[in-house]
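Chains as they are written, first to last, in the working numbering: chain A, 1 to 152; chain B, 1 to 409.
Following: one structure in structure tokens, then a few remarks.
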């Protein structure tokens, strides 16, 4: 792997979301909540969703400790999912999962990931894939009424 | 003792793994508390066993079996000498320090601890010296007490003493902390435990590669360590136990090699150390560990300790010079382990960024979550040094940290 992989991973947008994460707060009146935990590194977060009667995510937020990858991923996930339906959210989760495991190439394959495509470099760093996916697994767990989600 | 000349460059040539390149850069390996590299002598000993000496031990009458058995038992003698035990039968081979601790918790704890008895550990234990005692306490209704450490990461000895009572039946304590580097005053702890009639286990996993250990002088009842942290193979470890205690203890696992006779009505167990070594052991691992003992002796633990002390002082100063860096673990008596945190850079991000420079450090909770909790951090970065590391490698780490700080500015 070349030196460029580092810049590929820590792109400016990830650094920026880490520094100023969006929707990083507790969501009062959340209809769905789950706790995510990576016992390997100690990353810990809570994802809150407000899902309306049309099955749309009218609000979403997160709180927790984690590395830059996990914070940026949480922040960008909340930004991407606000206003989406639950079905769309699950579809994005699937695409995101394929992206970070190297199964989806955002430059060649069709996708609706938008800005989330910045995480494409992460499959070069197997130890960090879980950092990027923790928020998504937790969001999915919340929708499926799981109280807690662990990466192990 | 006459001092040998400590030639790091020459010693580094003994470790082929130091020659690899990571991302096109020379490897800087600063994760020796996780595992150490193996000198060629150890690799050769293991290879030779598999290439021309393969046989089971304690079984056959044929030549190879006899040779393997001899090599296996010679290794046991080398380990006895290395930790200055009285007898070879007090050296029990295990998979590692973890299994050694589990053996004591299961066998000694299972047989001799009762409801209401107390076990004392310290706040800086590795999970492997916490969880076995928790499980024992749950099954035997014993009480686990935890001796705290101060903000430098030093055991608060007076608090430990206060926990001792006539009900204290066992004390289990780490000699050198894997996440803080603290060297505990184990001799005092051992003597204090004995005064109350308690037995004491010392977790020596991080000790044997840094300090000369004399289990007889220490007078500890049990001492556990892992081969792979002292330049030996992985999957092999040692439990030292005093003969009279080991004799009183029931077997840990059961099977071949640990019996005197078996009928369907009754089985009689064999003598030490085989009573605790059921099944075919890790023969190559034992032989490799014996070679590691020879190697460390040839370098000399006094030389190692002196050089590492110099490296530690240099590393402490160099890391402290980085703006905002906070060292976690600043005990007066320390081994060459440097744990630290940086504002705004999570250890995992730092670990990935310095890896890009070819530098291997450990990031995470180091299997010491209570230590992380004490310092209010989720994780730390840890550079753990050994005698084949150099000041130049520390300089490279400092440079890589400064580069990471630029990215996270």
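Just so it is clear, CB atoms sit at the ideal spot from N, CA and C, and this is done for glycine as well.
| query | result |
| --- | --- |
| Does DSSP put residue 249/B in a helix, a strand or coil? | coil |
| In this structure, how does DSSP classify residue 28/B when only helix, strand and coil are distinguished? | strand |
| Fully enclosed by the stretch 72-133 of chain B, which beta strand (DSSP E) runs are 3 residues long or longer? | 91-94, 118-122 |
| Given a threshold of 16 other Cβ atoms within 10 Å of its Cβ, counted over all protein chains shown, does residue 103/A qualify as buried or as exposed? | exposed |
| Going by CA-CA distance only, name the one from 10/A, 25/A, 114/A, 41/A that's closest to residue 96/A. | 114/A |
| Here's the rule: buried if 16 or more other CB atoms are within 10 angstroms of the residue's CB, otherwise exposed. What is residue 188/B? | exposed |
| The alpha helix (DSSP H) with residue 76/A in it runs from where to where? | 68-81 |
| For residue 71/B, tell me which candidate among 56/B, 85/B, 83/B has the shortest Cα-Cα distance. | 56/B |
| Does residue 361/B have its Cβ less than 8 Å from a Cβ in chain A? | no |
| Starting from residue 438/B, find everything on chain A with Cβ-Cβ shorter than 8 Å and list it in chain order. | Since the first residue of chain B shown is 1 and the last is 409, residue 438/B is not available in this structure. |
| Nearest CA to the CA of residue 62/A: which residue from 49/A, 99/A, 20/A? | 49/A |
| Decide if residue 128/A is buried, meaning its Cβ has at least 16 other Cβ atoms within 10 Å, or exposed. | buried |
| Just checking my contact of residue 199/B with residue 245/B at CB under 8 Å: how many whole Å lie between their CB atoms? | 7 Å |
| Cα separation between residue 17/B and residue 296/B? | 17 Å |
| Please identify the residue among 348/B, 354/B, 359/B whose C-alpha is closest to the C-alpha of residue 366/B. | 348/B |
| Would you kindly work out how many angstroms separate the C-alpha atoms of residue 110/B and residue 105/A, rounded to a whole number? | 56 Å |
| Find out if the Cβ-Cβ distance for the pair residue 350/B, residue 383/B is shorter than 8 Å. | no |
| Are the Cβ atoms of residue 120/B and residue 164/B separated by less than 8 Å? | yes |
| Using DSSP bridges, identify the partner residues of residue 19/B. | DSSP, once it has assigned bridges, lists no residue as partnering residue 19/B. |
| So which residues on chain B does residue 131/A lean against when the C-beta distance must stay under 7 Å? | 348 |
| Please say whether residue 28/B and residue 345/B have beta carbons closer to each other than 8 Å? | no |
| I want to verify the contact list: residues of chain A whose CB lies under 9 Å from the CB of residue 340/B, in sequence order. | In chain order: nothing, as chain A lies at least about 16 Å away. |
| Can you tell me whether residue 173/B is helix, strand or coil according to DSSP? | strand |
| To which residues of the same chain is residue 136/A closer than 8 Å at the C-beta, ignoring the five residues directly before and after it? | 73, 77, 93, 96, 97 |
| Could you say which of 298/B, 209/B, 321/B, 252/B lies nearest to residue 336/B if we only look at CA atoms? | 209/B |
| Which chain A residues are close to residue 379/B, counting only those with a beta carbon under 8 Å from its beta carbon? | 41, 42 |
| With a threshold of 8 Å between beta carbons, is residue 68/A in contact with chain B? | yes |
| If we cut at 8 Å on Cβ distances, does residue 125/A have a partner in chain B? | yes |
| Short of 7 Å in beta carbon distance, which residues of its chain neighbour residue 390/B, apart from the five on each side in sequence? Order them along the chain. | 8 |
| Helix, strand or coil for residue 219/B per DSSP? | coil |
| Tell me, please, which residues DSSP counts as bridged to residue 261/B. | 268/B |
| Assign residue 231/B to one of three DSSP states: helix, strand, or coil. | coil |
| In chain B, which residues lie less than 8 Å from residue 25/A when you measure between Cβ atoms? | The premise fails here: residue 25/A is roughly 19 Å from chain B at the closest Cβ pair, so nothing lies under 8 Å. |
| For a cutoff of 8 Å on Cβ pairs, would you count residue 10/A as touching chain B? | yes |
| Which residues, taken in chain order from the stretch 320-336 of chain B, show a beta carbon closer than 9 Å to some beta carbon of chain A? | none |
| Taking DSSP as the reference, what is the three-state secondary structure of residue 209/B? | coil |
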